[in-house]
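As they're listed, the protein sequences go chains A, B, C and D.
Counting from 1, one number per residue, gives the positions in the first sequence under my numbering.
Counting from 145, one number per residue, gives the positions in the second sequence under my numbering.
Counting from 289, one number per residue, gives the positions in the third sequence under my numbering.
Counting from 369, one number per residue, gives the positions in the fourth sequence under my numbering.
Beta carbons are placed, not taken as given, at the ideal position from N, Cα and C, and that holds for glycine.
Structure first, commentary second.
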Amino acid sequence: MIEVTATRIEPAELQASLQDPGAGGFCSFEGWVRNVNEGRAVERLEYEAYEPLVIAEGEKVLAEALAQFPYLEARCVHRTGLLEIGDLAVWVGVAAPHRDEAFKACRYIIDELKVRLPIWKKEHYVDGDSGWVNCERCAEHGAT
Amino acid sequence: MIEVTATRIEPAELQASLQDPGAGGFCSFEGWVRNVNEGRAVERLEYEAYEPLVIAEGEKVLAEALAQFPYLEARCVHRTGLLEIGDLAVWVGVAAPHRDEAFKACRYIIDELKVRLPIWKKEHYVDGDSGWVNCERCAEHGAT
Amino acid sequence: MKTITVRYFAMFREHAGLGEETLSLDVATAKDVFEQTRLRHGSREPNGHCKVAINDEMADWSSPVADGDTVLLFPPVAGG
Amino acid sequence: MKTITVRYFAMFREHAGLGEETLSLDVATAKDVFEQTRLRHGSREPNGHCKVAINDEMADWSSPVADGDTVLLFPPVAGG
């Protein structure tokens, strides 16, 4: 199950929903807003998401993870809107019979989500400048 | 930092203590008491730990992880005493600049803790029997 | 000519100054839509970093577009 | 003869019926202590699954023991 939310993510509640008596291992990943990116001091971040396709593509990713690493339950939530340093941007949790599947499924899910979901991140720098992450790189590619 | 506790582990508090403005990725692992092990229905678990060496050996493991996967903060807590199905037996959390270090350090820590720390687990089965996990195997080895 | 609704996201939307517009275009594929709206979205060419969807389904740049389709132009994604 | 305090843990403690005892033993190494307390701890021989500590420091089976040392006999560990 994958969700997009404009309000604070609550890991404790999400995690409680994954409880399963057959689960021996639980792995979670959290993406936190960092104060620096590629050498520039970051003041805050803004996330934009196109929800219908975040959900559709996210469910595909969860199904792919399940096919490879049989987990019992997995959930993912991604924030939108303005986030401050230390805020939780994305949460992925996986409960599985054993820790190996829990770690591998969790890693697969976050790795795929980052490159496949229509979510964009705008960094607001301490120096007052701002920029969409990776888009500069896209423009550079386009120019060559 | 590694701890042993006879009372309920509280992940939210532990995790909050790892917050760092330079951290972009946080990975946690939780070991939950599962209702079955090697085909036998488990009713509850009992953990015994020899705390002085759990701490000493655990700190070595954390230092080894830090040397390989530069993380910012890591904590581990292991329960002792009687645990029921679904209870949290061990918690490992790692905050790092990027997710790759967070995942790898967390995995390294739990893998090493499980085989190096003087902690023992006694399973109480639904059929009324009980046994120390792995000790039967030890005795088998001894017999051959 | 086909009537195509084009939606711009993130950097593309900011560059275009609008999120959506309906245009009459002489196009066969998603790539044609991308190229003919360059002045709007500001990206030089579709490459591996950009993505496209047609009528809320992820698509390829070579996917055909039909009269009445909605084409969503996605700049490089950066979740997490 | 050396005066050695031997501590038994988990399965070993249950088998011995006590957690600690002080014995007079003719021993040179941790392995000798393990062997001479077999009837107490119940394990047939030290193998890769069992561990030993001397005076609260992890040790090897070949580590020497001195008069007055405390030897901790650990059955196979199973944390997590």
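Reduced DSSP secondary structure (H/G/I, E/B, other) of residue i
i                : result
Tyr376 (chain D) : strand
Cys250 (chain B) : helix
Phe322 (chain C) : helix
Arg223 (chain B) : strand
Pro52 (chain A)  : helix
Arg412 (chain D) : coil
Ala167 (chain B) : coil
Ala316 (chain C) : coil
Short CB-CB distance (under 7 Å) between residue i and chain C
i               : result
Leu88 (chain A) : no
Partners in chain C for residue i, counting only beta-carbon separations shorter than 8 Å
i                : result
Ile110 (chain A) : Gly368
Contact list for residue i against chain A, beta-carbon separation under 8 Å
i                : result
Asn179 (chain B) : Pro21 and Gly22
Val365 (chain C) : Lys114, Val115, Arg116, Leu117, Pro118, Ile119, Trp120 and Asn134
Gly169 (chain B) : Phe29, Glu30, Gly31 and Trp32
Spatial neighbours of residue i in its chain, beta-carbon cut-off 8 Å, leaving aside the 5 residues before and after
i                : result
Ala396 (chain D) : Pro432 and Val433
Ser350 (chain C) : Thr317, Ala318 and Lys319
Cys418 (chain D) : Phe402, Ser411, Leu441, Phe442, Pro443 and Pro444
Gly225 (chain B) : Ala150, Glu190 and Tyr191
Asp348 (chain C) : Ala318 and Val340
Alpha-carbon to alpha-carbon, residue j and residue i
i                : j                : result
Glu190 (chain B) : Gly307 (chain C) : 59 Å
Ala6 (chain A)   : Ala218 (chain B) : 29 Å
Ala240 (chain B) : Tyr252 (chain B) : 14 Å
Gly131 (chain A) : Lys122 (chain A) : 5 Å
Glu284 (chain B) : Ile422 (chain D) : In this prediction, Glu284 (chain B) has a pLDDT of 48, which is less than 50 and means its spatial position is unreliable; what the coordinates show is noted afterwards. Spanning the two alpha carbons is a distance of roughly 26 Å.
Pro155 (chain B) : Pro414 (chain D) : 37 Å
Ala193 (chain B) : Pro364 (chain C) : 50 Å
Gly25 (chain A)  : Gln15 (chain A)  : 12 Å
Gly447 (chain D) : Ala366 (chain C) : 38 Å
Cys279 (chain B) : Arg99 (chain A)  : With a pLDDT of 49 at Cys279 (chain B), under the threshold of 50, the modelled position of this residue cannot be trusted; read the value that follows with caution. About 21 Å.
Val257 (chain B) : Val198 (chain B) : Sequence check: residue 257 (chain B) is Leu here, not Val. Going by the C-alpha atoms only, they are around 9 Å apart.
Arg223 (chain B) : Arg79 (chain A)  : 33 Å
Asp355 (chain C) : Val77 (chain A)  : 36 Å
Asp127 (chain A) : Ala207 (chain B) : 36 Å
Arg281 (chain B) : Gln163 (chain B) : The pLDDT assigned to Arg281 (chain B) is 46, lower than 50, so where the model puts this residue is not dependable, and the model offers no usable value.
His409 (chain D) : Phe247 (chain B) : 39 Å
Asp344 (chain C) : Phe213 (chain B) : 40 Å
Glu157 (chain B) : Asn181 (chain B) : 30 Å
Arg301 (chain C) : Asp129 (chain A) : 18 Å
Pro52 (chain A)  : Ala23 (chain A)  : 31 Å
Beta carbon proximity, residue i to chain A, threshold 7 Å
i                : result
Glu174 (chain B) : yes
Asp320 (chain C) : no
Ala347 (chain C) : no
Cys220 (chain B) : no
Ala298 (chain C) : yes
Leu158 (chain B) : no
Phe213 (chain B) : no
Neighbourhood of residue i by C-beta, 6 Å cutoff - its chain only, sequence neighbours within 5 removed
i                : result
Gly31 (chain A)  : Ala89 and Val90
Cys250 (chain B) : Cys171, Phe173, Val236 and Val238
Ile85 (chain A)  : Val33 and Asn35
Ala209 (chain B) : Ala249, Tyr252 and Ile253
Thr373 (chain D) : Thr390 and Thr438
Leu440 (chain D) : Arg375 and Ala421
Val259 (chain B) : none
Glu201 (chain B) : Arg260 and Leu261
Neighbouring residues, chain B, relative to residue i (Cβ below 9 Å)
i                : result
Ile9 (chain A)   : Correct list: empty, because the minimum Cβ distance to chain B is about 12 Å.
Ala434 (chain D) : Result: empty, since nearest Cβ-Cβ is about 19 Å, beyond 9 Å.
CB contact check: residue i to chain D, cutoff 7 Å
i                : result
Leu210 (chain B) : no
Glu192 (chain B) : yes
Leu189 (chain B) : no
Amino acids of chain D, ordered along the chain, whose beta-carbon sits closer than 8 Å to that of residue i
i                : result
Glu201 (chain B) : Met426
Nonlocal neighbours in the same chain, by C-beta distance under 7 Å from residue i, ignoring five residues either side
i                : result
Met145 (chain B) : Arg219
Asp394 (chain D) : Met369
Val321 (chain C) : Ile292, Val294, Leu313, Val315, Val353 and Val359
Val205 (chain B) : Ile253, Glu256, Leu257 and Arg260
Ser17 (chain A)  : Arg75
Ala298 (chain C) : Pro363
is_contact[residue i, chain B] using C-beta, thresh 7 Å
i                : result
Ala384 (chain D) : no
Ala421 (chain D) : yes
Ile85 (chain A)  : yes
Arg137 (chain A) : Because the pLDDT at Arg137 (chain A) is just 47, under 50, the model does not fix this residue reliably, and the value given afterwards should be weighed accordingly. No, no contact with chain B.
Chain-ordered chain D contacts of residue i [CB-CB under 9 Å]
i                : result
Leu206 (chain B) : Within 9 Å Cβ-Cβ: nothing; Leu206 (chain B) doesn't reach chain D, min ~14 Å.
Interface partners of residue i on chain C, CB under 7 Å
i               : result
Leu53 (chain A) : Ala341, Asp344 and Met346
Proximal chain A residues relative to residue i, where beta-carbon distance stays under 7 Å
i                : result
Arg251 (chain B) : Phe103
Where residue i meets chain A, residues with beta-carbon distance less than 9 Å
i                : result
Arg184 (chain B) : Going along chain A, no residue has its Cβ under 9 Å from Arg184 (chain B), so there is no contact; the nearest lies around 13 Å.
Arg223 (chain B) : Those within 9 Å of Arg223 (chain B) in chain A number zero; the least Cβ separation is about 14 Å.
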